[in-house]
Every structure is written in structure tokens, then in C-alpha cells.
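Heads up: the protein sequence lines correspond to chains A and B, in order.
Heads up: the first sequence begins at 1064 in the working numbering, then just goes up one per residue.
Heads up: the second sequence begins at 1064 in the working numbering, then just goes up one per residue.
Number of protein chains: 2
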Amino acid sequence: MGITERKEREKEEMRRRILDAALHLFRERGYDGVSIRNIAEAIEYSPGTIYLYYKDKSEIFFALQYEAAALKRDHLIPVAAIEDPWERLVEFGRRYVDFGMKHPDLYDLLFITRSPMEYIENQECWQLGMATHSFFQETVQACVDQRYFKSTDTETIAYTLWCHAHGLVSLFIRERMRMYPEDKRMELAQKSVEMVVKMAECL
Amino acid sequence: MGITERKEREKEEMRRRILDAALHLFRERGYDGVSIRNIAEAIEYSPGTIYLYYKDKSEIFFALQYEAAALKRDHLIPVAAIEDPWERLVEFGRRYVDFGMKHPDLYDLLFITRSPMEYIENQECWQLGMATHSFFQETVQACVDQRYFKSTDTETIAYTLWCHAHGLVSLFIRERMRMYPEDKRMELAQKSVEMVVKMAECL
DNA sequence: TTGACAAATAAACAGTGTTCAGTAATTTTG
DNA sequence: CAAAATTACTGAACACTGTTTATTTGTCAA
């Protein structure tokens, strides 16, 4: 009796279709710029159908946020193989920024968008993000242990580096770099990353 | 004939009432959480009346954004009196962060909120922001001239410092510091500012 | 074939930004 | 001072939003 399996598969396919359409539309017009009716129209179903698969609009958002967190983890996973903690940290930073630049919509979803954050902490997405943050902090700790920094305040060092990376990405993707010519923005961002890499030993 | 003057004054008072009510509501519920009808109700007028004073909802937003920029400038103006460029820069950074922490809603308006940014560049608000940014960059230039930094790349130094400050404030006000206990967040932010001050000479 | 179950729909509700014909108040004019 | 003109304001309407629900459609098992 493979019927229930097929049904389950079809349900999953439908959820996939909804998410793909939603992400595509969110990318173009932002969360608030997209209506359930828009998503329904995109997948050629009636608005009510969406609610058979997702409880409400925000759950679609959360599902996408989780996928974003997973993609980010996958983007960062390779650095775990780097032995030297300093090299690992530098590569982590570069890849963090790289992820933000390559997937502005997903980065936005994860770190900027105002959304019912109260709900999120108990969710897989939050755990995923926490794991990544812990990995980052452990790498900083390893660097501290090997005296790569002046300071030994691991938490503050990690947080300071994160602030820089996040500020860099979010100013870029929320278009607050208009005072710089468009073709110079990315270059400036890269120069800034390298500058922080060089001065990090003074942290 | 002081009638036209009185009319003009009354019109201005009405605009003020609308802005005050809007800011109060935006603070509580955010831009999207507030409707024109809410604002109208708050000032005890009908929704249509709002449109006699502001072309649409986003124009109310822009008016508030301009006031935010002006308030930010006023918050930063005192540092211009500081002679020593290094001291001036440090105090500028502290005050920038301080403004963001004290007025999260206004900071949000200025540097995070997604809004029709295309319109903004020709506006007074943008010019105000540009002037502040120029002042900041000139201060960095003065520090460069006096060899306060290793690097002489003024633009990248200024941008890097801005990234850190903005990242710090925006992670805080968009609630992405939940991995730290609430009573430690502000302390951590302050420690990070001081850490950047100390290591800035390595920039 | 029929009954049961699941899936999809259309319609409805209460809300949104915005427009506009109409009303009420005020000022200018005769 | 009364009538006309101007202005300020209203409230209903339009097209949209998220969400719920009664109803219809389609599939499968007996």
C-alpha cells in the first residue's frame, strides 16, 4: 500500500512549490510586498489552499528562514576542516560576508527582518544559528588560547568581529552605501574585510 | 491681514499632530503595524484628512526620517568642538552608538528600514546624512594626516569603523543578541566599542 | 456503484492605503 | 449684514490584504 507514501510525497511537493514561489516573490518584493494571493496565483491554486499546508503567512517565512540557516551552515561547513584556528577564523569571516553578499534575501531573513522573534527561539532554525555561533566562538577561543590576540576576552572579541561583518553586509544589502559609487561598493567591502583581518591581532 | 498666517500656522500644527501621533504609533507597532486609520483615530480626525497634509503614508515616514536625521545631527554636533582629531573620532563613535541605543526606532528609520530609497537621495534628509558622513570622513582624514593609523586609506578606515558601529547597533535593536543574557547585552556592546577604540591604531 | 474521505475552492469577514463626491464651516465679496 | 466663494473635513467607496469556513470536487475502498 504505497498510497499513503505517495500522498505524503505529494504533500511535500506542494509545500516545496509554495516555498519556492514564496522565496521567489519575497526576493523581488519583500515579505510585506507579497500576499498569500500572490503566492497562490504563482502556483496556480486558490488562496485557501495555502492554509492547508502552512498555518499562516509567518510560517512560510519561518520555513524559509530555516532553509536559509541551513544553507548558511552549508556555506560555512568547509572551514571546520581548517586546522589552524587563525586561518579558520579568517576564512569563516570571509565566508560569512560572502554568504551575505551572495544571498542578500536570505541574510536579510536571518539577521535583519523584523519578524515575530518570540516564536523563533524554540525552533530548529534558532538551534542551527546557535550551533554556528558556538562554532565561531570556539574558533575565537582557540585563537585566544594560542595568543593570537592581545585581549583574552573571547566573548567581546567574537562579538566585535561579528558586529563588523554584520554591519558590512547589512549596510550593503539595505542600500546604505549610496554615497559610494555603485561599482566601488563591493571593492570597499572587500578592502574592509582585509583590513579587519590585518588589524585583528590588535584586538 | 493675519488670517493667512494663522491658517499657515494651523496647517503646521496639524502636520505636527500627525507626525507626533505617527511616531508614537510607529514606536509601538512599527511602520507596517500602523494604519492611516490608526493615526486618524489618534488625532480624532477622519482618515481622508491625513491626505490633505501628507500625500501618502510613506511621506509621513520620510518626514519622520528627516526629523530623525536632524536629531542625530544634534546628538553629534558637540563633538565638532573637540580639537584633537583622535579624541573627536572616538567621541563621535561613542555618540553614534549612543544615539542608536537611545533612539532605536529613529536609528531603524535611518539605517535599516526598507523604504523607497530611490526617492530619498534628492531629499533634505539625505543631504543631512551626507553632511554627517562627510564630517566623519574628514575627522578620519585628520587622524590619518597625524599618523594615528597604520593605514592611510581614509575611505576604508572610515567605512570599517562605520561597519562596526552599525553592526553593533543593528544587531542590538533588531534583537539578534538573544544568545546573550539580556542584562549583559548592553555591557558587551560597550566593551566592544572600547575594544575597537583600543585597537583602532592598528587600522 | 456507492459511501467515505481528503483536497481544493469560492465566498465572506475584517482589516489595509487611497480617492473623491458631498457636506459643513469659514472667509471674502457685494 | 447676506450671499457667494473658498476651504476643511467627512464618510463611503475601491481594490487590496490575511484568514476562516461552508461547499464542491475528486480520489479511493468496500
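Glycine included, every Cβ here is placed at the ideal spot set by N, Cα and C.
Bear in mind that the values here come from a model prediction, so they are computed numbers and not experimental data.
Query: Positions along the region 1095-1120 of chain A whose CB lies within less than 7 Å of some CB in chain B; Result: Asp1095
Query: Residues that His1138/B contacts on chain A, provided the C-beta gap is smaller than 8 Å; Result: By Cβ distance, chain A contributes nothing, its closest Cβ being about 18 Å from His1138/B, past 8 Å.
Query: From Ala1085/B, Glu1257/B, Ile1140/B, Cys1265/B, residue whose alpha carbon lies closest to that of Gly1192/B; Result: Ile1140/B
Query: For Val1160/B, the nearest candidate out of Arg1069/B, Glu1250/B, Ala1103/B, Glu1068/B (CA to CA); Result: Glu1250/B
Query: Start and end residues, alpha helix (DSSP H) containing His1227/A; Result: 1217-1236
Query: Proximal residues of chain B, C-beta to C-beta of His1196/A below 8 Å; Result: Met1242
Query: Cut-off 6 Å between Cβ atoms - residues of its own chain near Met1064/A, not counting five sequence neighbours on either side; Result: Low local confidence applies: a pLDDT of 47 at Met1064/A is under 50, so the model's placement there is unreliable, with the coordinate-based value given in what follows. Taken in chain order, the list of residues that qualify is empty.
Query: Secondary structure of Lys1118/B, DSSP reduced to three states; Result: coil
Query: Cutoff 8 Å: Glu1076/A Cβ touching any chain B Cβ; Result: no
Query: Below-8 Å beta-carbon distance, Gly1163/B vs any chain A residue; Result: no
Query: Within-8 Å CB hit, Met1064/A to chain B; Result: Note that Met1064/A scores a pLDDT of 47, beneath 50, so its modelled location is shaky; the value from the coordinates is reported in the next line. For Met1064/A, the answer is no, since every Cβ of chain B falls outside 8 Å of its Cβ.
Query: 8 Å CB neighbourhood of Arg1248/B in its chain, flanking five on each side removed; Result: Phe1235, Met1240
Query: DSSP-derived helix/strand/coil call for Pro1167/A; Result: helix
Query: contact_flag[the region 1254-1266 of chain A, the region 1068-1083 of chain B] where n(CB pairs < 8 Å) is 3 or more; Result: no
Query: Neighbour list for Arg1265/B in chain A, Cβ cutoff strictly below 7 Å; Result: Before going further, note that residue 1265/B is Cys rather than Arg in the sequence given. Near Cys1265/B (Cβ distances below 7 Å), the residues of chain A are Met1262, Cys1265.
Query: Host alpha helix (DSSP H) of Leu1280/A (start-end); Result: Only positions 1064 to 1266 of chain A appear in the structure, and residue 1280/A is not among them; the question remains open.
Query: Residues within the region 1205-1226 of chain A neighbouring chain B, beta-carbon criterion of under 8 Å; Result: Lys1213, Ser1214, Asp1216, Glu1218, Thr1219, Ile1220, Tyr1222, Thr1223, Trp1225, Cys1226
Query: Stretch-stretch touch, CB-based, cutoff 8 Å, three pairs: the region 1143-1162 of chain A with the region 1078-1088 of chain A; Result: no
Query: Distance, Trp1149/A Cα to Ala1252/B Cα; Result: 24 Å
Query: Straight-line Cα distance separating Arg1151/A from Leu1134/A; Result: 19 Å
Query: Per-residue contacts from Phe1174/B into chain A (C-beta, under 9 Å); Result: Ser1233, Leu1234, Arg1237, Arg1239
Query: Inter-residue Cα distance where the pair is Glu1146/B and Asp1216/B; Result: 22 Å
Query: Outcome for Tyr1222/A when other beta-carbon atoms lying within 10 angstroms are tallied against a minimum of 16; Result: buried
Query: Straight-line gap, Ile1099/B to Gln1190/A (C-alpha atoms, nearest Å); Result: 38 Å
Query: Cβ shell of Phe1162/B (< 6 Å), same chain only, five flanking positions each side left out; Result: Lys1135, His1138
Query: For Ser1197/A, the first and last residue of its enclosing alpha helix (DSSP H); Result: 1187-1208
Query: Simplified DSSP assignment, three categories, for Met1064/A; Result: Here the model assigns Met1064/A a pLDDT of 47, short of 50, so the residue's position is not dependable, and the following value carries that caveat. Of the three classes helix, strand and coil, the one that applies to Met1064/A here is coil, per DSSP.
Query: Pairwise C-alpha distance: Glu1245/B and Gln1200/A; Result: 19 Å
Query: Residue environment, Met1233/A, which counts as buried when at least 16 other CB atoms sit within 10 Å; Result: Sequence check: residue 1233/A is Ser here, not Met. When all chains shown are included, Ser1233/A counts as buried.
Query: Under 8 Å between C-beta atoms of Ile1175/A and Arg1237/B; Result: yes
Query: Any chain A beta carbon closer than 8 Å to Ala1228/B; Result: yes
Query: Neighbourhood of Asp1168/A by C-beta, 6 Å cutoff - its chain only, sequence neighbours within 5 removed; Result: Arg1090
Query: Extent of the continuous alpha helix (DSSP H) to which Ala1103/A belongs; Result: 1099-1105
Query: Nearest residue (CA-CA) to Cys1206/A, options Thr1112/A, Met1164/A, Ala1105/A, Val1153/A; Result: Val1153/A
Query: Own chain partners of His1227/A with C-beta closer than 6 Å, once the 5 adjacent residues on each side are dropped; Result: Val1259
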